[in-house]
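Below is one structure, written out as structure tokens; comments come after it.
In structure tokens form, the structure reads like this:
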């Protein structure tokens with residue numbers, strides 16, 4: 021089990037290199053995004069449409085999945101369904117094992133990270149090679165992604181050069197981005213040409229046609245989708261859109277939000293199998309893994325509208341300080357803070373909904389208008405309610421404190437008494453700055469990440485009462 | 004084969020609070036009622052649309068020549084010579100009039116990936132091009148070939164006819180809709196990455212160079228023709 025967000029964040033905040041890299045990467049993407057978003061006068065209309073399409077799909081998810089299954093099968097694809105990570109991995113393994121595949125090439129996919137596919141394959145002697153440059157860096161370094169769109173932003177050139185020299189068995193290698201990219205190209209080219217199977221995620225599943233769409237930059241995706249004779253796509257059940265033409269919205273909003281480009285270099289759309297162009301055998305695994313449970317909660321259902329652009333990460337004041345690793349999940353940042361705990365039924369990542377200042381910047385940039393702050397608050401209340409159902413939670417200092425605070429705030433008299441009491445005991449704790457920086461014992465949790473203003477000598481109520489008397 | 008199918012569908016329906024799927028009519032009505040206030044049609048005249056396309060392509064580092072239909076082959080020859088391309092492939096159905104005669108050219112549809120890996124350049128047409136995003140769209144078929152053809156060689160020269168150029172993404176999707184199930188690739192500049200310290204590097208796994216010849220445009224300036 022990974023550390024809670026505050027513990028992981030405290031550790032990562034000490035890593036100055038990481039913080040510089042994260043700040044730089046998020047700044048670059050933000051500025052590029054702002055420029056290409058501002059030039060679209062219809063940006064808000066595109067957001068409205070994207071949001072409405074995704075919401076409509078979620079409300080009719082069963083119908084659209086069945087449509088997709090029928091169309092994809094008719095076009096020569098084979099559709100599988102998986103309730104959880106283990107089942108998805110089992111299906112992929114069965115397909116690969118029966119064809120005696122020992123090595124697969126992979127397109128960057130958050131979904132396969134989520135289900136731990138690579139480890140499941142390795143355990144059965146199948147090596148999975150990540151072909152996206154950043155994912156390759158992460159994989160060769162036995163590392164985990166730190167950003168949805170640029171997963172290796174925590175590594176700098178020198179670190180990557182050392183990694184490539186060691187892992188690719190090279191004698192010499194320059195340290196410019198061009199040198200390192202060329203090394204990856206050469207190392208992967210032979211693998212692209214000889215691989216017998218590829219595994220991808222999906223950006224969109226098209227219900228009407230049974231098509232799958234993948235958005236990418238490097239061409240590694242195109243290699244994986246077109247060269248090996250066997251292709252397996254693993255996609256969350258929420259990835260479906262109604263029709264081919266709905267891409268007109270998402271192909272405008274996704275690249276701008278994700279990388280700040282008007283269009284990313286390559287979008288591939290394919291439907292089943294097509295004669296001599298592309299794989300002869302194509303499978304789609306539709307993954308639930310907690311999504312149907314999120315769907316059932318009408319207040320947090322909107323989480324599933326996400327198209328994985330990562331724009332919320334780049335603007336989040338919390339993410340920008342800690343980077344993605346603090347979230348202890350493949351999904352970091354604001355979207356990770358709502359998605360991760362829900363995927364795990366609040367049994368993991370329960371500290372994540374608190375990893376936010378609720379400033380709302382994530383909602384402002386979200387191309388499908390997920391109201392992340394609203395979902396964060398909803399999840400906080402869920403977590404509190406669940407805590408209150410345990411003996412420890414019920415009798416814990418947090419719950420008792422909050423219950424007491426609720427009683428005090430509910431009555432003017434109790435409030436006044438509490439203020440008097442507070443004024444008397446706060447003296448030893450008020451620092452020279454005029455704020456209370458650290459409270460003792462059970463109350464220390466409150467001042468751990470914030471300063472407290474001392475209770476003023478005269479409360480508003482007292483001042484108001486005095487003012488009334490003086491005037492009359 | 005898929006024991007999880009019914010359980011997942013049941014969970015979805017239970018979660019949504021209804022026993023079965025929505026009626027197809029209700030579904031279609033819901034879909035057509037969605038707000039679509041974004042721009043779906045062009046507002047630029049042809050000449051400005053072409054200028055915008057060229058400007059957006061150059062943003063990606065893509066060189067563009069605008070030439071009359073009669074000189075496409077000549078313009079292609081100039082570009083191929085500049086690249087010192089020796090082995091060149093083209094897709095079946097590529098117009099013979101566009102083929103520069105002085106080169107050793109081979110129809111490449113049936114070449115295997117490792118054979119294409121030894122090819123210097125590929126010439127293709129396209130189905131649609133989009134001005135606002137500087138995009139060319141290829142679909143498997145005549146003059147465009149199978150997808151690997153425009154992927155493996157290191158240099159891709161694409162001939163775009165002005166009549167194929169639209170201004171907006173929605174117009175392009177509308178034109179592609181009748182052939183939506185063909186393998187389709189949107190190409191916007193050469194392959195690229197910003198994965199290392201956010202430094203943009205052109206040319207990763209796809210062609211490291213992409214160039215475009217625009218023909219039949221309102222204003223023809225054989226700039227690239229004269230460039231060598």
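Chains as they are written, first to last, in the working numbering: chain A, 21 to 492; chain B, 4 to 231.
For glycine and all other residues, C-beta sits at the position ideal for the given N, C-alpha and C.
Q | Per-residue DSSP class, three states only, for residue 177 of chain A | A | As a position in the first chain, residue 177 of chain A is number 157, starting the count at 1. DSSP places residue 177 of chain A in helix when its eight states are reduced to three.
Q) Who pairs with residue 161 of chain B in a beta bridge, going by DSSP? A) Numbered from its first residue, the second chain carries residue 161 of chain B at position 158. For residue 161 of chain B, which the question treats as bridged, DSSP gives the partners B:127 and B:215.
Q. Hey, is the segment 342 to 355 of chain A in contact with the segment 371 to 391 of chain A, meaning 3+ C-beta pairs nearer than 8 Å?
A. yes
Q. Is the Cβ-Cβ distance between residue 123 of chain A and residue 149 of chain A less than 8 Å?
A. Here the question's residue 123 of chain A lines up with position 103 in the first chain. Here the question's residue 149 of chain A lines up with position 129 in the first chain. Yes, they are a contact pair.
Q: Go to residue 93 of chain A, then tell me how far its alpha helix (DSSP H) extends in each direction, as first and last residue.
A: In the first chain, the residue the question calls residue 93 of chain A occupies position 73. Unbroken alpha helix (DSSP H) run through residue 93 of chain A: 81 to 94.
Q.
If I measure Cβ to Cβ from residue 5 of chain B and keep anything under 6 Å in the same chain, skipping five residues before and after, which residues do I get?
A. Taking the first residue of the second chain as 1, we reach residue 5 of chain B at position 2. Here the set comprises nothing.
Q: Can you pull the chain B residues whose beta carbon is under 7 Å from the beta carbon of residue 81 of chain A, in chain order?
A: Translated into positions along the first chain, residue 81 of chain A becomes position 61. What residue 81 of chain A touches in chain B: 15.
Q: For the segment 156 to 170 of chain B and the segment 47 to 61 of chain B, state whether three or more C-beta atom pairs, one from each stretch, are separated by less than 8 Å.
A: yes
Q: Figure out for me which residue from B:156, B:50, B:210 and B:175 has the closest Cα to the Cα of residue 116 of chain B.
A: As a working note, residue 116 of chain B is residue 113 in the second chain. Minimum Cα distance to residue 116 of chain B is reached at B:156.
Q | Proximity to residue 376 of chain A [Cα-Cα], best of A:296, A:448 and A:357 | A | Counted from its first residue, the first chain places residue 376 of chain A at position 356. Of the listed residues, the one whose Cα sits closest to residue 376 of chain A is A:357.
(Q) At the level of alpha carbons, what is the spacing between residue 188 of chain B and residue 289 of chain A? (A) Taking the second chain and counting its residues from 1, one reaches residue 188 of chain B at position 185. Taking the first chain and counting its residues from 1, one reaches residue 289 of chain A at position 269. Using only the alpha carbons, I get a separation of about 6 Å.
Q: Please say whether residue 224 of chain A and residue 168 of chain A have beta carbons closer to each other than 8 Å?
A: Walking along the first chain from the start, residue 168 of chain A turns up at place 148. Walking along the first chain from the start, residue 224 of chain A turns up at place 204. No, these two residues do not count as a Cβ contact at 8 Å.
Q | Under 8 Å (Cβ pairs) to chain B, residues found in the segment 41 to 73 of chain A | A | 41, 44, 45, 48, 49, 61, 62, 65, 66, 68, 69, 72 and 73
Q. In whole angstroms, what separates the C-alpha of residue 475 of chain A from that of residue 7 of chain B?
A. Translated into the one-based positions of the first chain, residue 475 of chain A becomes position 455. Translated into the one-based positions of the second chain, residue 7 of chain B becomes position 4. Cα to Cα, the separation comes out at about 59 Å.
Q | Close Cβ partners of residue 178 of chain A (< 8 Å) along its chain, the five nearest in sequence each way excluded | A | The residue labelled residue 178 of chain A in the question sits at position 158 within the first chain. Cβ within range, chain order: 195.
Q.
For a test of the three-state rule: what should DSSP assign to residue 98 of chain A, helix, strand or coil?
A. By 1-based counting over the first chain, the position of residue 98 of chain A is 78. It is a strand residue.
**Q.** Beta-bridge pairing of residue 219 of chain A - partner residues as DSSP gives them
**A.** Taking the first residue of the first chain as 1, we reach residue 219 of chain A at position 199. In the DSSP output, where bridge partners are listed per residue, residue 219 of chain A has A:126 and A:252.
Q | Neighbour-count burial assignment, residue 132 of chain B, 16 or more Cβ in a 10 Å radius | A | The residue given as residue 132 of chain B occupies position 129 in the second chain. When all chains shown are included, residue 132 of chain B counts as buried.
Q) Taking the C-alpha atoms as reference points, what is the distance between residue 24 of chain A and residue 346 of chain A? A) By one-based count along the first chain, residue 24 of chain A stands at place 4. By one-based count along the first chain, residue 346 of chain A stands at place 326. Approximately 8 Å between the Cα atoms of the pair.
Q. From which residue to which residue does the beta strand (DSSP E) around residue 287 of chain A run?
A. On the first chain, residue 287 of chain A is found 267 positions in, with the first residue counted as 1. Start and end: 286 to 291.
Q. Within the 8 Å Cβ cut-off, does residue 189 of chain B reach chain A?
A. Counting from one through the second chain, the residue named residue 189 of chain B turns up at place 186. Yes, contact with chain A.
(Q) So if DSSP puts residue 194 of chain A in a beta bridge, which residue, or which two residues, is it bridged to? (A) One-based indexing of the first chain puts residue 194 of chain A at position 174. None, per the DSSP bridge assignment.
Q. What's the gap between the Cα of residue 389 of chain A and the Cα of residue 182 of chain B?
A. Here residue 389 of chain A is taken as the residue at index 369 of the first chain, counted from 1. Here residue 182 of chain B is taken as the residue at index 179 of the second chain, counted from 1. If you take the alpha carbons of residue 389 of chain A and residue 182 of chain B, they lie about 31 Å apart.
Q | Nearest-angstrom beta carbon gap, residue 255 of chain A and residue 183 of chain A [assumed within contact, 8 Å] | A | The sequence position of residue 183 of chain A within the first chain is 163, counting from 1. The sequence position of residue 255 of chain A within the first chain is 235, counting from 1. Going by Cβ atoms, the distance from residue 183 of chain A to residue 255 of chain A rounds to 30 Å, so no, they are not a contact pair.
Q: Using three-state DSSP, classify residue 197 of chain B as helix, strand or coil.
A: Position 194 of the second chain holds residue 197 of chain B. In this structure, residue 197 of chain B counts as coil in the three-state DSSP scheme.
Q | residue 148 of chain B in three-state terms, based on DSSP | A | For the purposes of this step, residue 148 of chain B is identified with residue 145 of the second chain, where counting begins at 1. Reduced to three states, the DSSP call for residue 148 of chain B is strand.
(Q) For the segment 73 to 83 of chain A against the segment 97 to 115 of chain A, do three or more pairs of beta-carbon atoms, one drawn from each stretch, fall closer than 8 Å, so that the two count as touching? (A) no
Q.
Just list the residues that DSSP pairs residue 3 of chain B with in beta bridges.
A. Any property of residue 3 of chain B remains undetermined from this structure, which presents chain B solely from 4 to 231.
Q) Based on the DSSP secondary-structure assignment, which residues constitute the bridge partners of residue 303 of chain A? A) In the first chain, residue 303 of chain A corresponds to position 283, counting from 1. A:98 and A:252.
Q. Looking only at C-alpha atoms, which of B:186, B:207 and B:184 sits nearest to residue 198 of chain A?
A. As a position in the first chain, residue 198 of chain A is number 178, starting the count at 1. Among B:186, B:207 and B:184, the Cα nearest to that of residue 198 of chain A is on B:207.
Q. Checking contacts by CB at 8 Å: is residue 107 of chain A closer than that to chain B?
A. Locating residue 107 of chain A in the first chain gives position 87, where the first residue counts as 1. Output row for residue 107 of chain A: interface = yes.
Q: Give a yes or no on contact between the segment 40 to 47 of chain A and the segment 359 to 367 of chain A, applying the rule of three or more CB pairs nearer than 8 Å.
A: no
**Q.** Where residue 141 of chain B sits in the DSSP three-state scheme
**A.** In the second chain, residue 141 of chain B corresponds to position 138, counting from 1. Strand at residue 141 of chain B.
Q) Would you call the CB atoms of residue 11 of chain B and residue 257 of chain A closer than 8 Å? A) Stepping through the second chain from its first residue, residue 11 of chain B is reached at position 8. Stepping through the first chain from its first residue, residue 257 of chain A is reached at position 237. If you check the CB distance, residue 11 of chain B and residue 257 of chain A come in under 8 Å.
Q. Using a C-beta to C-beta distance shorter than 9 Å, which residues of chain B count as neighbours of residue 238 of chain A?
A. By one-based count along the first chain, residue 238 of chain A stands at place 218. Under the 9 Å cutoff, chain B gives 194, 195, 196, 198, 207, 208 and 209.
Q. What is the DSSP secondary structure of residue 169 of chain B, counted as helix, strand or coil?
A. Sequence index remark: in the second chain, residue 169 of chain B carries index 166 (1-based). Three-state DSSP puts residue 169 of chain B in a strand.
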